[in-house]
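See structure below.
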Amino acid sequence: GAGVSQSPSNKVTEKGKDVELRCDPISGHTALYWYRQSLGQGLEFLIYFQGNSAPDKSGLPSDRFSAERTGGSVSTLTIQRTQQEDSAVYLCASTQTGPKRSPLHFGNGTRLTVT
Amino acid sequence: DAKTTQPPSMDCAEGRAANLPCNHSTISGNEYVYWYRQIHSQGPQYIIHGLKNNETNEMASLIITEDRKSSTLILPHATLRDTAVYYCIVRGDDYKLSFGAGTTVTVRA
């Protein structure tokens, strides 16, 4: 079946511009995550959505970052006034929730380069 | 604080079994052990997870010690396409997955 889809796969933007990154989770998955991975580094948690609950935004690095999830499905991560340190791969993951702690399924990410 | 400890790198011969160790000495009773891998330029790929019992699927086997303080991921017949960074993760009620540095596995012909 279809996995997690992210678009665009690559994005080059100028410093100071805003960017929007999109994530289409696996159908029926109620939980959605955004992570960030800088070059050669591990994954950094950004934000978590679960159903209609308030999202956990504790990982967002600054107020230039925001995310929304419309209709419990597609999610958009927005970065305003991009800075060079925002350059990274932004990964989205989705999962079902339940007592067996279903695994997260990741997309292939959006590689953001801020020039 | 790191919940798991993995060797930074290891080599494996193609066609042989690859045994990837992970220490999680502070694991608590309700925490699962998960394994993911990340091939260059791709998102992390789920491999397997377990709580107490050994687990096997089409990709790998997971052996968890009786005291649950360590585990081993076994790739039974490594291929060149198994070259990747392998992450061992402990996950409890916290819905977040915390990824450490993982083990860089290089499969050599």
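Those protein sequence lines, which keep their order, are chains A and B. Residue 103 in the numbering used here sits at position 103 of the first sequence, and the numbers go up by one each step. Take any residue in the second sequence, count from 1 to its spot, add 1000: that is its number in the numbering used here. Where a beta carbon is used, it is the ideal one built from N, C-alpha and C, also for glycine. Predicted, not measured: the structure shown is a model, and the values here were computed from it.
Original post:
Alpha carbon to alpha carbon, how far is P1076/B from P61/A?
Top reply: P1076/B and P61/A: Cα-Cα distance of roughly 41 Å.
Original post:
Taking the C-alpha atoms as reference points, what is the distance between C1012/B and Y1034/B?
Top reply: Looking at the backbone, the Cα of C1012/B and that of Y1034/B are separated by about 21 Å.
Original post:
Going by C-alpha distance, which of A1017/B, P1008/B, G1050/B is nearest D1082/B?
Top reply: A1017/B
Subject >> For A1078/B and N52/A, the rounded distance between their alpha carbons >> reply: Going from the Cα of N52/A to the Cα of A1078/B covers about 43 Å.
Original post:
In three-state DSSP terms, what is D1082/B?
Top reply: Reduced to three states, the DSSP call for D1082/B is helix.
**OP:** Compare the C-beta of L1080/B against all C-beta atoms of chain A and say whether one is closer than 8 Å.
**Re:** no
**OP:** Anything in chain B within Cβ reach of F45/A, meaning under 7 Å, just list it in chain order.
**Re:** K1096
Original post:
In chain order, what residues of the region 1022 to 1033 of chain B put their CB closer than 8 Å to some CB of chain A?
Top reply: Y1032
**OP:** Could you have a look at T70/A and say whether DSSP puts it in helix, strand or coil?
**Re:** helix
Original post:
Between the beta-carbon of P1021/B and the beta-carbon of P1007/B, is there less than 8 Å?
Top reply: yes
**OP:** Measuring only between beta-carbons, confirm whether A1013/B sits less than 8 Å from chain A.
**Re:** no
**OP:** Leaving aside the five residues before and after G109/A along the sequence, list all residues of the same chain whose C-beta is less than 8 Å from its C-beta, in chain order.
**Re:** Cβ within range, chain order: Q6, S9, Q37, V89, Y90, L91, C92.
**OP:** Following the continuous beta strand (DSSP E) through N1049/B, name the residue where it begins and the one where it ends.
**Re:** According to the sequence displayed, residue 1049/B carries His and not Asn. Start and end: 1045 to 1050.
Original post:
So the beta strand (DSSP E) N108/A belongs to, where does it begin and stop?
Top reply: Careful: N108/A lies outside any beta strand (DSSP E) and carries neither H nor E.
**OP:** Flag D1093/B as yes when its Cβ comes closer than 7 Å to any non-hydrogen atom of the ligand ATP, and as no otherwise.
**Re:** Among the ligands in the structure shown, none appear at all, so the ligand ATP cannot be discussed.
Original post:
Can you give the Cα-Cα distance for A2/A and L21/A, rounded to whole angstroms?
Top reply: Straight across, the Cα-Cα distance linking A2/A with L21/A is about 19 Å.
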